[in-house]
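Engineer:
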Amino acid sequence: MHHHPVRSRDRRGSVLLAAGIAAVAAIAGGISAAVPASAAAEYTTNATIDGLRFTSQTVTSGSAAELSGTWSLPDSPTTPAGFVVDLPHELQGRSDGFPLLAPDGSAMGRCTVSSTQLDCAVDSAYVAAHPNDLHGSFSFWVTVETTTESATPTTYQVGGTAVTTTVEPAQPGTGPGTCTVDCTFTGRTSGKWGSYDAAAGVVEWTVAIGSGADGMRDGQRITVTDTPGPDQELLTSFRGYPFATLWQTNRTTTWDDGREGLTGWAPAAREDYASTAGSVTFTARQGYFYDVHFATRVTDGGLAGTYTNTATISIDGDDDSSVSGTVVHQGGGASGSGTAPTSTPTPTPTAPATVEPTPTPTPTAPATAEPTPTAEPTVRPTVTPGASTADEETESPVPTAIGAAVDTGGTTSDSTAPWWSVALLGSGGLTLLLVLGVLAARTRARTRARTRP
2 MHHHPVRSRD RRGSVLLAAG IAAVAAIAGG ISAAVPASAA AEYTTNATID GLRFTSQTVT
62 SGSAAELSGT WSLPDSPTTP AGFVVDLPHE LQGRSDGFPL LAPDGSAMGR CTVSSTQLDC
122 AVDSAYVAAH PNDLHGSFSF WVTVETTTES ATPTTYQVGG TAVTTTVEPA QPGTGPGTCT
182 VDCTFTGRTS GKWGSYDAAA GVVEWTVAIG SGADGMRDGQ RITVTDTPGP DQELLTSFRG
242 YPFATLWQTN RTTTWDDGRE GLTGWAPAAR EDYASTAGSV TFTARQGYFY DVHFATRVTD
302 GGLAGTYTNT ATISIDGDDD SSVSGTVVHQ GGGASGSGTA PTSTPTPTPT APATVEPTPT
362 PTPTAPATAE PTPTAEPTVR PTVTPGASTA DEETESPVPT AIGAAVDTGG TTSDSTAPWW
422 SVALLGSGGL TLLLVLGVLA ARTRARTRAR TRP
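Put into structure tokens, the structure is as follows:
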């Protein structure tokens with residue numbers, strides 16, 4: 002497999018700075034089993050890290066090891082919120098990137114692993130909607146660079162927490178001068194393998210075209226076609242290199258362990274081959290060995306963990322062979338959850354029952370008794386002998402005040418108003434009294450007329 006140049010890093014200053022920050026945090030926060038995550042300027046609220054440990058009790062020097070732990074935030078944290086776990090120089094983080102997953106599988110944040118730290122940011126929108134009981138777990142991979150002569154319990158300071166595992170020496174047979182059998186290069190078979198850049202979410206696949214110890218024959222026409230497995234898509238460029246690309250060498254070397262192998266790999270001149278994202282076609286040169294590189298982007302955010310790829314090699318159009326490769330994502334993962342605020346419902350006021358008023362009975366006016374008319378007294382006239390009443394002219398009566406003396410022309414009668422007229426005045430019968438008064442005056446007039454000589 003061919004590797005692009007990797008820039009060297011001097012991390013001593015950053016390690017000292019991280020150690021100083023962790024010391025200050027320890028003094029301010031006191032001794033606790035739960036350790037606040039390494040301070041990060043970009044986070045207003047830093048999560049507390051607990052249960053940080055190696056998932057394996059033993060690791061091999063130079064190999065990958067997994068670290069895991071849990072995290073928690075206070076209720077209603079000020080955003081941005083998240084955590085950073087710094088690594089000592091003996092543990093190199095394996096570049097990776099993965100989502101921080103909520104219980105429903107959606108992303109509630111993002112974690113990134115660099116060579117020096119794990120950095121996880123919790124999405125501010127998720128915090129706003131679920132501000133309470135924010136917590137979760139995480140895991141990521143590191144390369145153990147501690148060397149030992151025998152199995153040795155070793156403690157590392159990871160993000161301010163002491164974590165211990167037993168480091169075993171590297172497997173024998175990889176040191177100088179160890180090869181004693183089949184050390185000479187005799188050719189190679191066709192094959193395929195991949196390298197997963199988790200931080201970029203890209204797999205770089207290498208297809209080796211098999212040949213004998215003397216390489217390919219001149220003029221052989223070769224086509225390599227790539228078929229990505231699930232959750233991948235082909236790329237036409239990555240890290241500034243075009244894809245697919247053809248690599249070649251015609252050199253062998255003997256390594257320090259006594260093994261002989263191919264070396265001096267370099268990209269072929271672009272005009273020496275035709276390519277698309279998924280195929281390369283070229284004409285071989287005598288004594289050369291060839292690899293073809295493809296690049297695929299992972300489309301599921303690294304969730305599958307394992308990715309496959311198949312390539313078909315055709316030589317001179319009639320010698321097809323198929324090779325397959327598998328890549329296992331030795332990356333990390335994280336999950337979390339929070340709860341929405343619980344609000345106490347405001348009771349809906351109940352309107353008091355409306356009491357229908359009892360209707361007030363309408364008083365019934367007592368019937369007014371009609372007065373019983375009093376019989377009008379009959380005045381019998383006094384007849385003077387010899388007087389004639391045949392053609393007697395009747396004079397209009399002159400009203401006389403009630404109670405006044407009446408001149409009858411003969412007999413004087415001191416006639417007063419009847420007793421019931423006074424009673425009627427007391428009871429309000431004014432109208433009736435007037436009528437009766439008129440009737441009484443007419444009666445007196447008739448009487449006077451009859452008695453006139």
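Just so we're aligned, residue 2 is where the sequence shown starts under my numbering, counting upward by one.
By construction, the Cβ of each residue, glycine as well, lies at the ideal position given by its N, Cα and C atoms.
This one's a predicted model, so the numbers in the text were calculated from it and none came from an experiment.
1) For Ala442, which of helix, strand or coil comes out of DSSP?
2) Applying the 10 Å Cβ sphere with the 16-neighbour rule, what's the burial state of Ala122?
3) Using DSSP bridges, identify the partner residues of Gly318.
4) Of all the options Lys193, Ala201, Cys180 and Val203, which has the alpha carbon lying nearest to the alpha carbon of Ile210?
5) Helix, strand or coil, according to DSSP, for Asp232 in the structure here?
6) In the DSSP assignment, find the unbroken alpha helix (DSSP H) run with Ser125 in it and report its ends.
7) To the nearest angstrom, how far is it from the Cα of Thr46 to the Cα of Thr307?
8) So what does Pro243 bridge to, in DSSP terms?
9) Taking the alpha-carbon positions, what's the Glu393 to Arg447 distance?
10) Which class does Glu91 belong to by DSSP, given the choice of helix, strand or coil?
11) Looking at the structure shown, is Glu272 part of a helix, part of a strand, or coil, going by DSSP?
12) Report buried or exposed for Thr284, applying the criterion of at least 16 other Cβ atoms within 10 angstroms of its Cβ.
13) Measure the C-alpha to C-alpha separation of Thr149 and Thr311 and round it to an integer number of angstroms.
14) To the nearest angstrom, how far is the alpha carbon of Ser140 from that of Gly110?
15) For the beta strand (DSSP E) that contains Pro110, what are its first and last residues?
16) Please check the pair Leu236 and Ala269, which I expect to be a contact at CB under 8 Å, by giving their CB distance rounded to whole angstroms.
17) I'd like to know whether the C-beta atoms of Ala200 and Asp120 end up nearer to each other than 7 Å.
18) So, is Arg95 buried or exposed, given that buried needs 16 or more other C-beta atoms within 10 angstroms?
19) Excluding the 5 residues preceding and the 5 following Thr153 in the sequence, name in chain order all residues of the same chain whose CB lies nearer than 7 Å to its CB.
20) Short check: CB of Tyr289 to CB of Gln233, under 7 Å?
21) Hey, would you say Ala48 sits closer than 7 Å to Leu74, going by beta carbons?
22) Let me check understanding here. Comparing Cα to Cα, which of Ser116, Ser125, Gln93 and Val281 lies closest to Ala108?
23) When the Cα of Gly161 is compared with those of Val225, Thr179 and Asp87, which residue comes out closest?
24) Need the endpoints of the beta strand (DSSP E) that Asn133 sits in, please.
25) I'd like the list of long-range same chain contacts for Phe239, defined as Cβ closer than 8 Å, with 5 residues on each side in sequence excluded.
26) Give the single residue among Val225, Thr165, His131 and Ala171 whose Cα lies nearest to the Cα of Ile314.
27) Using only the alpha-carbon positions, how far apart do Gly334 and Ser151 sit?
28) Suppose you measure from the CA of Pro1 to the CA of Ala65; what does that come to, to the nearest Å?
29) Near Ser69, which residues of its chain fall below 6 Å by C-beta distance, leaving aside the five closest residues on each side in sequence?
30) Which class does Leu435 belong to by DSSP, given the choice of helix, strand or coil?
31) Which of the three DSSP states is assigned to Thr307 in this structure?
32) Ends of the beta strand (DSSP E) at Ala335?
33) Thinking C-alpha only, which one of Asp134, Leu304, Thr61 and Glu91 is nearest Tyr157?
34) Where Ile223 and Met217 are concerned, what is the direct C-alpha to C-alpha distance, given to the nearest angstrom?
Structural biologist: According to the data block:
1) helix
2) buried
3) Gly318 is not bridged to any residue.
4) Lys193
5) coil
6) Ser125 to Ala130
7) 35 Å
8) Ser238
9) With a pLDDT of 42 at Glu393, under the threshold of 50, the modelled position of this residue cannot be trusted; read the value that follows with caution. For Glu393 and Arg447, the distance between alpha carbons rounds to 12 Å.
10) coil
11) helix
12) exposed
13) 40 Å
14) 15 Å
15) According to the sequence displayed, residue 110 carries Gly and not Pro. First-last of the beta strand (DSSP E) with Gly110: Ala108 to Val114.
16) Their Cβ separation, rounded to whole angstroms, is 19 Å, which puts Leu236 and Ala269 out of contact at 8 Å.
17) no
18) buried
19) Thr167 and Val168
20) no
21) yes
22) Ser125
23) Asp87
24) Asn133 to Val145
25) Ala201, Val203, Glu205 and Ala296
26) Val225
27) 32 Å
28) For residue 1 there is no data in the structure shown, the boundaries of the chain being 2 and 454.
29) Thr56 and Ser140
30) helix
31) strand
32) Gly334 to Thr340
33) Glu91
34) 10 Å
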